[in-house]
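Quick notes on the structure that follows.
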Amino acid sequence: MKKILIIEDDIDISKLIEFNLVDNHYNVTTCLDGKRGLELALKEDFSLIILDLTLPNLNGIEVCKNIRRQKQTPIIMLTARSNEIDKILGLELGADDYMTKPFSVRELLSRVSAVIRRNTIRKNQQTKDVYNRILFEELFIDIEQRKVIINSEKINLSPKEFELLVLMASTPGKVYSRDSLLEIIWGYEFEGYRHTVNSHINRLRNKIEKNTDEPKFILTTWGVGYKFNEELKYLTSESLQNNFK
6 MKKILIIEDD
16 IDISKLIEFN
26 LVDNHYNVTT
36 CLDGKRGLEL
46 ALKEDFSLII
56 LDLTLPNLNG
66 IEVCKNIRRQ
76 KQTPIIMLTA
86 RSNEIDKILG
96 LELGADDYMT
106 KPFSVRELLS
116 RVSAVIRRNT
126 IRKNQQTKDV
136 YNRILFEELF
146 IDIEQRKVII
156 NSEKINLSPK
166 EFELLVLMAS
176 TPGKVYSRDS
186 LLEIIWGYEF
196 EGYRHTVNSH
206 INRLRNKIEK
216 NTDEPKFILT
226 TWGVGYKFNE
236 ELKYLTSESL
246 QNNFK
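The sequence shown begins at 6 in the working numbering and counts up by one.
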């Protein structure tokens, strides 16, 4: 049974979500406080966290940031704030989806199912490689340890930057449109969020490319989207086994 943590200070909303999740065969834990919610999120393994933005003691933004420093548990942010800045901020901090109050319970249940399903698919894709390691010339990616190294220097990536890099590096030469990246990584299909993809690609390039004006790893296919450079020398996991332990 999938375990879900609800961090929501409105008791009525929390009970409404809990009732419907339990009715759909989820194991639910509730918390009314941001600080306590963070403790639970880090202590236990949940399939999903539903996180309110405005919480006592520790707000949802800080809770999300702290969770992402240690875990990759999927997060749906649920809040009364509906302006664009809050939505983009929530997504770029590592939230997987975003809903505003008032909300449809049916839609929330649908998104819960979709986010859990996408996370399961991503995990399965990442574990197809026995050693979970990718090496393109000087760029080394350890998927299991979520580690990226270039020329022996560790590169710190945000959760979404890392997911973008792994997705494209796992399929060199495949062109991803902004819409497809938005759907695969964030689960969004809304046109207004396409610049979220652009900003993440730009930050990723700033961290891994020697010259962002002439990128080596992540290339732009004009009018379509982005791809990982298929012409780079690729080392298989078997060849890496004895080099990275």
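In this text, a Cβ means the ideal position worked out from N, Cα and C, and glycines have one as well. Remember, it's a predicted structure, so these values are computed and weren't measured experimentally.
Under the three-state DSSP convention, the category residue i falls into
i	result
Leu162	coil
Asn211	helix
Val229	coil
Met173	helix
Leu58	coil
Thr201	helix
Ile9	strand
Thr78	coil
Val135	Any answer about Val135 is weak, because its pLDDT of 42 lies below 50 and its placement is not dependable; what the coordinates show is given next. Correct three-state label for Val135: coil.
Phe145	strand
Asn247	Low confidence applies to Asn247: its pLDDT is 46, below 50, so where it sits in the model is not reliable enough to give any reading.
Asn124	helix
Ile190	helix
Val110	helix
Val117	helix
Host alpha helix (DSSP H) of residue i (start-end)
i	result
Ile18	Ile16 to Asp28
Asp184	Arg183 to Leu186
Ile72	Gly65 to Gln75
Lys40	Gly39 to Lys48
Neighbour flag for residue i against chain C, beta carbons, 9 Å
i	result
Ala119	Absent here is chain C; the protein component of the structure consists of one chain.
7 Å Cβ shell around residue i - same chain, five flanking residues per side excluded
i	result
Ser52	Lys7, Lys8, Ile9 and Ile121
Gln75	Leu47
Asn156	Glu143
Residue span of the beta strand (DSSP E) that contains residue i, given as start and end
i	result
Leu140	Arg138 to Phe141
Val153	Lys152 to Ile155
Lys238	Careful: Lys238 lies outside any beta strand (DSSP E) and carries neither H nor E.
Phe222	Unbroken run through Phe222: none, as it is neither H nor E.
Thr217	No beta strand (DSSP E) contains Thr217, which DSSP labels as neither H nor E.
Val33	Asn32 to Cys36
Asp101	First-last for Asp101: undefined, no H or E at that position.
Beta-carbon proximity list for residue i, same chain, < 6 Å, skipping 5 on both sides
i	result
Val202	Arg183, Leu186 and Leu187
Asn137	Ile148 and Glu149
Gly230	Val180, Tyr181, Ser182 and Arg183
Lys106	Ala85
Nearest-angstrom Cβ-Cβ length linking residue i and residue j, presumed shorter than 8 Å
i	j	result
Pro61	Gly39	6 Å
Asp101	Pro79	5 Å
Arg208	Glu166	6 Å
Ala174	Ile139	5 Å
Leu37	Asp14	5 Å
Phe222	Leu144	6 Å
Ile190	Leu162	The Cβ separation is near 13 Å, so there is no contact.
Ile66	Leu98	6 Å
Arg123	Gly192	6 Å
Beta-carbon proximity list for residue i, same chain, < 8 Å, skipping 5 on both sides
i	result
Val68	Ile12, Gly39, Gly42, Leu43, Ala46, Leu56 and Leu60
Thr176	Phe233
Leu224	Tyr231, Lys232, Phe233 and Asn234
Val27	Val33
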